[in-house]
Every structure is written in structure tokens, then in C-alpha cells.
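Mapping the sequence shown onto my numbering, position 359 (from 1) lands on 359, and the numbers just tick up by one. Notes to accompany the following structure.
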Amino acid sequence: MKLFDVYPLFDITPERAQGCYVWDTNGDKYLDLYGGHAVISIGHSHPHYINRVSGQLNKIGFYSNSVQNPLQAELAQKLGRQSGYGDYQLFLCNSGAEANENAIKLASFITGKKKFISFKKAFHGRTSMAVALTDNPKIIAPVNESLNAIILPFNNIDEVEKALAENEVAAIIIEGIQGVGGINIPEERFLMGLGSLAKKHNCLLILDEIQSGYGRSGKFFAHQYVDISPDLITVAKGMGNGFPVGGVLIHPGIKPWAGMLGTTFGGNHLACAASIAVLEVMESEKLIENAENTGNFLMKELSQISNEYKVRGKGLMIGLEFRFEIQQLRRILLNDYKIFTGVSGKNMIRLLPPLSLSISQAGDFIQAFKKAFACVKLVEETG
Ligand SMILES: Cc1ncc(COP(=O)(O)O)c(C=O)c1O
């Protein structure tokens, strides 16, 4: 059987990884400023993570959600304390799209309404309503086109107010920082406005923190730079440091009933062990503070190299927006300097490294970037 060929692949085969480095089958060592798409939070193959996950596997790896699983309660307790949402409830699932799908479903159950608002350049996943609310027609199959999805301009509160007037909207969903769409940070007054409009119109506010959450922005959640309390917060990616796990943090005012949501694999023993290990390492190694410091260092240094590109982001979620296409620059970084980076569209390099990235490793990137950028400029100038 062949694989279903949907991914354009680099010709690199990672074989092992440690901290912020990945080694391929040729023995080449790469600095990972991509984190496997913002997934590696505490660093690759962290010893505490390995102990927790392998120790759990030696005891019990899985049982269904029909029995007691104290690891779920331990995870909820730790996540509540560390995120500042101790009074919220946690529903566990397996991926980001699934977390959003469950949040959307909850909002519809609670309000009895069907319509949802999202924003231009949003990415919320590839399942049914999550993809309908994603601003990319290429990944929306005809069956997922929905009249219940209203996609509005980003940072424009007047448009939101107009759309809410009919009183048919169950929830507004917004990323803490838009990731796939190009590191776009919602303005403070926009987020505050969404919070108050949601309350006024009996609709919920869903913060998709799947990419921007779990410490990446220099706060536990990116929306915590602003004084708002969403009704639902979705998480995945960094939560399991590579173990597939997702979750919805649910406002205490939302009451569950038996069977309201459900999943076979969500919250299994291994996923909980991985997620608990992540929170323990984040706390003991002060990774959120590290993300803020290293992120600030990177952004300051990068903005001083040239004014031919724009730098934006928070913590270790950084975008470099160029006026030219970045394919060649990214290829030089990868092939000549052995550095993984991400992209957004054709003109942006996206940095999403492990939250443990040190100042010295960030410095190595800066040195390589300067040379790679100079090389691209030279080619541009000399044709
Ligand atoms: C903001 C955001 N929401 C949702 C998702 C979907 O997550 P998953 O790929 O785990 O389904 C992503 C993935 O990139 C994301 O960045």
C-alpha cells in the first residue's frame, strides 16, 4: 500500500532528537526553530517526560472513559492552577480540530443557536465546523461549506456588532494569536470588545489557544495579555509535547450532562501522563518566562539586522514578513545552516521553537540568519 500523498516533504529523515536539536539518518544535527509545528513545548525527548510516559506504559496505557482515571483529575488540577483557570472544567480529546469541534458543539448546545463568527486568515482545523470557520476555501470540502459560518474582517469590532444583531450567533471563535494566517495579534480593544459583545448578545467567546497557548506567547495563554475571560478555551499542540492530546477549558457556569460530549481515546492514561509531564517541566524549568525572555531577545536582534522585513509576535511565536518570497531563504537556513523554520504563506518565516530555546541557541540562529539573508540579498542584487 502507498501513503496518501498529501504532504510536500523535505528530503530529511529525523532519527533522534534532544532538547532543541534533531539528528537525521545522515547524522546531521539540526537546530529546531519549528518545533514540529509548535508542538514541541518542553523540548524533544525530555528525560522527565520519557520517565513519566514509559512508566505509565509499564502500568496501564489505556482504558476507556467508563472507569475512574485519577490521572485526568491530576491533569485538570495542574492545568487549572498553572493557567490561572482553576475554577474551569476540562474536557479531554485528541487534537486541536477536535477540541474546537467540541467547543463549537458546546456553544450550540448551551445557547440553542447555530451560527458562528470567525475571522479572516483564521485557522481552526480540518474537521466539519472547524474547517467551515477556517478562512481557506481550498481546504473546505463542499460538504463542509456552511451558511452557519460567518467570517469577518480581523480587528473590526463594528462588523462583529452588526453580525450579532440578528441574535443567531452561538459563539465567536478567535485565535489567541493567528498562527497559520501569519502571526496576527488581535488588538486589545478588539478582544475586550468581543468579550463584552458576546455577553450582551448571549453568545459565547471561544479562544483557540491551540498554537498560541501553553506558554508559547510568554504567558500561559496569549489572550492573558488582555483582561478577558473566555467561555471556552481550546488547547492541543504543546499540551502533549508530541503525544496527540487536546482539550477544552470550560467556564464553570456551563453545566455538563451525561453523554453531552464523548470520545474513545480522549484523556487516556498515556495522554494524561504526557500532559502532566509537560506541565511539571514547564513549571520546574520556568519555560514560560524563558519563552518571554528568549522571544524578546530574538525579536530585538532580528529587528536590528535590516528594515527590509517586519518582525512581529509574542514570546516564541514569531513571524518575519518579507516583501519577497522566502522559499530560498528557508532552504539556505535548512541546507547550509541546518535550521528548521516554519512558514506562513509565501512571504513569512515563522519561528515556533521549543519553549526551552536558550539565548545562546537563539544567538546561533541570529548568526546563521544574518548570513543566509545576506546571501539571498546578494542573489537578488546580482540577479
Ligand atoms: C490555531 C489552530 N487551531 C487548530 C488547529 C488544528 O489542530 P490539529 O492539527 O491538532 O487538529 C491548528 C493547527 O495548526 C491551529 O494552529
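No residue lacks a Cβ here, since even glycine has one placed at the ideal position from N, Cα and C. Fair warning: this is a prediction, and the values are worked out from it, not measured in the lab.
Put simply, the backbone Cα of L79 is about 17 Å away from that of I40.
Between the region 258-269 and the region 229-240, the count of Cβ pairs shorter than 8 Å is below three; the stretches do not touch.
One thing to note: L270 has its Cβ within 8 Å of the Cβ of F62.
By the Cβ test, the region 332-342 is not in contact with the region 167-178, since fewer than three Cβ pairs between them sit closer than 8 Å. Cβ-Cβ distances below 7 Å link S284 to nothing in the same chain once the five nearest sequence neighbours on each side are left out. Between A222 and G342, the alpha-carbon positions lie close to 19 Å from each other.
DSSP places E74 within a helical segment (H, G or I) once states are collapsed to three. Shown here, Q82 sits in a helix according to DSSP, grouped into three states.
Using a Cβ distance threshold of 8 Å, L92 and G247 count as a contacting pair. Within 7 Å of the C-beta of F322 there is not a single heavy atom belonging to ligand 1.
Within the model, the alpha-carbon separation for I206 versus I326 is close to 33 Å.
Under the three-pair Cβ rule at 8 Å, the region 103-123 counts as touching the region 134-149.
Within a 10 Å sphere around the beta-carbon of I60 sit fewer than 16 other beta-carbons, which makes this residue exposed. Residue range 232-235 is occupied by the beta strand (DSSP E) that includes T234. Per the C-alpha coordinates, the member of P354, P256, P186, F322 positioned closest to I110 is P256. Counting every other CB atom within 10 Å of its CB across the protein chains shown gives T25 a total below 16, marking it as exposed.
Beta-bridge partners of L92 (DSSP): G247. Minimum Cα-Cα distance from K114 among the listed residues G313, C203, S344, F340 corresponds to C203. For the pair G266 and L71, the Cα-to-Cα distance works out to about 12 Å. Note that the C-beta distance between E98 and I276 is not below 8 Å. Taken in chain order, the complete beta strand (DSSP E) segments of 3 or more residues contained in the region 238-313 are 246-250. Here V180 is buried, its C-beta having at least 16 other C-beta atoms within 10 Å. Contact annotation: I117 and A165 have beta-carbon atoms that are not nearer than 8 Å. Annotated three-state conformation of F109 is helix, per DSSP. Exposed is the label assigned to A141, since fewer than 16 other Cβ atoms lie within 10 Å of its Cβ. Taking 7 Å as the cut-off, one finds no heavy atom of ligand 1 near enough to the beta carbon of E101.
For A372, the closest C-alpha among the options Q328, M348, S356, K346 is that of Q328. I183 places its beta carbon 8 Å or farther from that of M282. With a beta-carbon spacing of about 17 Å, H44 and E280 fall beyond the 8 Å limit used to define contacts.
Remark: C-beta atoms of I150 and L191 do not approach each other more closely than 8 Å. Shown here, K29 sits in a strand according to DSSP, grouped into three states. Taking a C-beta distance under 8 Å as the contact criterion, V235 and G218 do not qualify as a contact pair. Rounded to the nearest whole angstrom, the CA to CA distance from L320 to I349 is 5 Å. I210 has its Cβ nearer than 7 Å to a heavy atom of ligand 1. For the pair T294 and A362, the CB atoms are nearer than the 8 Å cut-off. Distances from the CA of G96 to each of S306, C272, V245 were compared; the closest alpha carbon is that of V245.
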